[in-house]
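Since the structure comes first, as structure tokens, the remarks are kept for the end.
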Amino acid sequence: MDEKNKPLNAKKLIVESLNSLPLISIMEYSNEPWVIRDCESRYVYVNQAGLDFLSLPADFDIEGRLDNECPADWAEFAEQYQANDRKAEKSGKRVAIISTHFYGRDKVLEPYYLPRFPIYNKVGECIGTLTNASKLNFISLSQYIGRRSPSVLTLTPPTDLFNEKELEIIFFILQPMTSKMVAKRLSLSHRTIENKLRLIYEKSGVRTINMFREYCGHLGLDLYIPPKFVKPCVQS
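In UniProt numbering, the protein residues as written are 1 to 236.
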């Protein structure tokens, strides 16, 4: 992209921070995908592994571009990607997501762990996000993730209404599994699961599983995976 036509914020991030980041030299020679974006989610830096991961044409200049401006299938998730960038910038913490799409030059449908980390300038102002990509191994991909289609999942609960154990139960119930199956999976009694489900329904203000599924879809819980059920693997 022509320098004079690049968004101001993208140029500001390059000038103020990119050249002074000690990690840049590490990312430049890394065989893992690394991406830096500004506070508008415009691309500021992508290493070669990242360009291969994003499966962009060799002559495409990604600098200053938004996700939806990229000629790639995964661009359909631009809104979700950018929403998670904003979460990281606002919270000042890592936001963990899982994206399943046709990544890489071979365009294989696989799940990747794509955490967002906020980055700051010398005076402590958040000026963008840092992301890297790691292929995921699920304990049982076919069982946990029934959908074999592009999706963006999160390892960060969209609400603090439920505790950790309740979130695990919700995750399995939405697969779907029966309460007996959930009890076996979590090594708990059937009665314990039934009691916890009643409490979950009370918190949600619903009475039936169909109402609860609709509630979870509205809240985004249908896209949440408890971190303990996901294990990143190192690519070689």
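Cβ atoms here follow ideal geometry from the backbone N, Cα and C, with glycine treated the same way.
Buried or exposed by the 16-neighbour rule on C-beta atoms within 10 Å, applied to residue i
i           : result
N68         : exposed
I127        : buried
E76         : exposed
G205        : exposed
P57         : exposed
residue 239 : For residue 239 there is no data in the structure shown, the boundaries of the chain being 1 and 236.
P118        : buried
T178        : exposed
V95         : buried
P176        : exposed
Y112        : buried
S187        : exposed
residue 260 : This structure cannot speak to residue 260, because the chain is shown only from 1 to 236.
V152        : buried
E168        : buried
L136        : buried
T208        : exposed
L54         : buried
Which residues DSSP lists as bridging residue i, in chain order
i    : result
I97  : T154
Y201 : Looking at the DSSP assignment, Y201 forms no beta bridge with any residue, so it has no partner.
T131 : V35 and R116
Nearest neighbour of residue i, chosen from the options [CA to CA]
i    : options                  : result
S134 : P71, S187 and T100       : T100
E40  : D106, K107, A88 and T178 : A88
L130 : S25, N31 and V35         : V35
L66  : D85, Q175 and D52        : D85
Q48  : R42, D38 and P33         : P33
R116 : D38, I26 and M177        : D38
P158 : S30, G220 and F53        : G220
L225 : E194, L114 and T156      : The question names Leu, but residue 225 is Ile in the sequence shown. Of E194, L114 and T156, the residue nearest in Cα terms is T156.
G64  : R213, G50, R42 and K184  : R42
N121 : P22, G217, N210 and M211 : P22
L197 : L174, H218 and G217      : L174
N163 : R191, N195 and I200      : I200
G92  : T192, L51, G124 and D61  : G124
E110 : E79, W74, Q82 and I169   : W74
Y81  : T192, K165 and L114      : L114
G104 : L51, P71, K90 and D59    : L51
L223 : H190, Y29, I98 and D61   : I98
R185 : A72, F229, D61 and E28   : F229
Extent of the continuous beta strand (DSSP E) to which residue i belongs
i    : result
E110 : V108 to Y113
R116 : R116 to Y120
Start-to-end residues for the alpha helix (DSSP H) that takes in residue i
i    : result
N210 : I209 to L219
E166 : E164 to I173
R105 : Here R105 belongs to no alpha helix (DSSP H), and DSSP marks it neither H nor E.
L186 : S179 to L186
Exercise. Counting only runs of 4+ residues fully inside the region 10-90, write out the alpha helix (DSSP H) ranges in chain order.
Key: With a minimum length of 4 residues, the continuous alpha helix (DSSP H) runs that stay inside the region 10-90 are 23-28 and 48-54.
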